[in-house]
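Input: a single structure, listed below in structure tokens.
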Amino acid sequence: MLLAWYNLAMKNYLIDTHAHIDMLEENVENILAEMNNYGVKKAVIPSVEAAAIDKIVKIANNYENIYAMLGIYPSEAKSYNDDLEKTFISIAENNKKIVAIGEIGLDYYWDKSFKELQQEVFIKQIKLANKLNLPVAVHDREAHKDTFDILKETGVQKGVLLHCFSGSVEFMKECVKEGWYIALGGVVTFKNAIKMKEVAKEVPLEKLLLETDSPYLTPVPYRGKPNKPAYVRFVAEEIAKLRNLPVVELIDITTNNAERFFGF
Ligand code: NI
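Here the sequence shown is numbered in numbering that gives the first Met the number 0, starting from 0 and rising by one per residue.
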């Protein structure tokens with residue numbers, strides 16, 4: 000009886016917390032139709048470069064279940080300046096569809112030549128998030144220690160999501176201790192992603208978020224093709240299998256987490 004009641008109250012739809020819908024070649028109607036077929040109801044578009052901001056905001060404004068973030072990706076750090084920050088403030092202050100600052104952070108994989116600038120711009124954007132009372136979605140590639148230290152030292156008021164988490168179980172535990180969320184995507188479905196599967200098994204469920212990072216990192220069984228928000232279902236199925244949980248339960252928990260994190 001109790002279980003039946005619980006099932007009725009469960010959220011039976013998925014949320015893709017990180018999808019570059021603006022980079023997909025398909026039109027948004029098709030993307031939404033496919034999401035619907037896979038039980039994916041909402042998606043959040045992260046922002047990478049200044050040139051794409053208008054497009055992202057427009058998509059979020061035009062479609063009820065699509066939300067957006069504002070921010071500058073670490074490899075674009077050179078383009079961050081006061082004018083852009085003012086633009087971000089004026090967009091976010093008047094728009095409820097802007098739900099986070101992201102994706103911001105550090106990437107020492109592609110380019111180590113301007114680490115200091117990346118750090119400076121990361122700190123500025125964390126402060127911007129605090130000013131706007133928004134959470135941050137963080138990109139950290141081969142920069143775990145600096146990312147952790149900057150987030151902790153600068154202090155985030157609203158919430159931290161570590162997008163495409165790539166650290167160890169130990170690092171995950173350190174981050175969770177800070178109250179931060181761990182977002183996992185298609186990599187967890189790869190056969191050789193041993194470390195990621197361990198993280199997926201160990202992360203406290205109340206801190207787990209699901210994402211695709213589409214068009215990148217396409218999960219099994221569609222590896223080699225462009226990724227789409229609909230495929231977040233494969234991520235949910237893999238993690239449910241790894242944790243020996245009914246997939247409906249994993250969906251319910253992660254969807255509640257996403258709605259709590261983004262406030263929608
Ligand atoms: Ni991304």
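Quick reminder that beta carbons are idealized off the backbone N, C-alpha and C, glycines included.
For residue 143, the enclosing alpha helix (DSSP H) covers residues 143 to 153. With a beta-carbon spacing of about 10 angstroms, residue 228 and residue 214 fall beyond the 8 angstroms limit used to define contacts. Closest in C-alpha terms to residue 68, from the list 84, 83 and 47, comes 47.
Residue 109 is classed as exposed because its beta carbon has fewer than 16 other beta carbons within 10 Å across all chains shown. The residues 47, 48, 102 and 138, in chain order, have a CB closer than 7 angstroms to that of residue 72 in the same chain once the five nearest residues on each side in sequence are set aside. Assigned with DSSP and collapsed to three states, residue 140 falls in strand. Spatial neighbours of residue 39 in its own chain (CB-CB distance under 8 angstroms, excluding positions within 5 residues in sequence) are listed in chain order as 12, 13, 14, 15, 228, 229, 231 and 232. The continuous stretches of alpha helix (DSSP H) do not include residue 98, which lies in the beta strand (DSSP E) extending over residues 97 to 106. Residue environment analysis places residue 41 among the buried positions, since at least 16 neighbouring C-beta atoms fall within 10 angstroms of its C-beta. C-alpha of residue 156 to C-alpha of residue 28: approximately 35 angstroms in a straight line.
In this structure, the C-beta of residue 15 stays at least 7 angstroms away from each heavy atom of ligand 1.
Taken atom to atom, the span from the alpha-carbon of residue 181 to that of residue 118 is near 21 angstroms.
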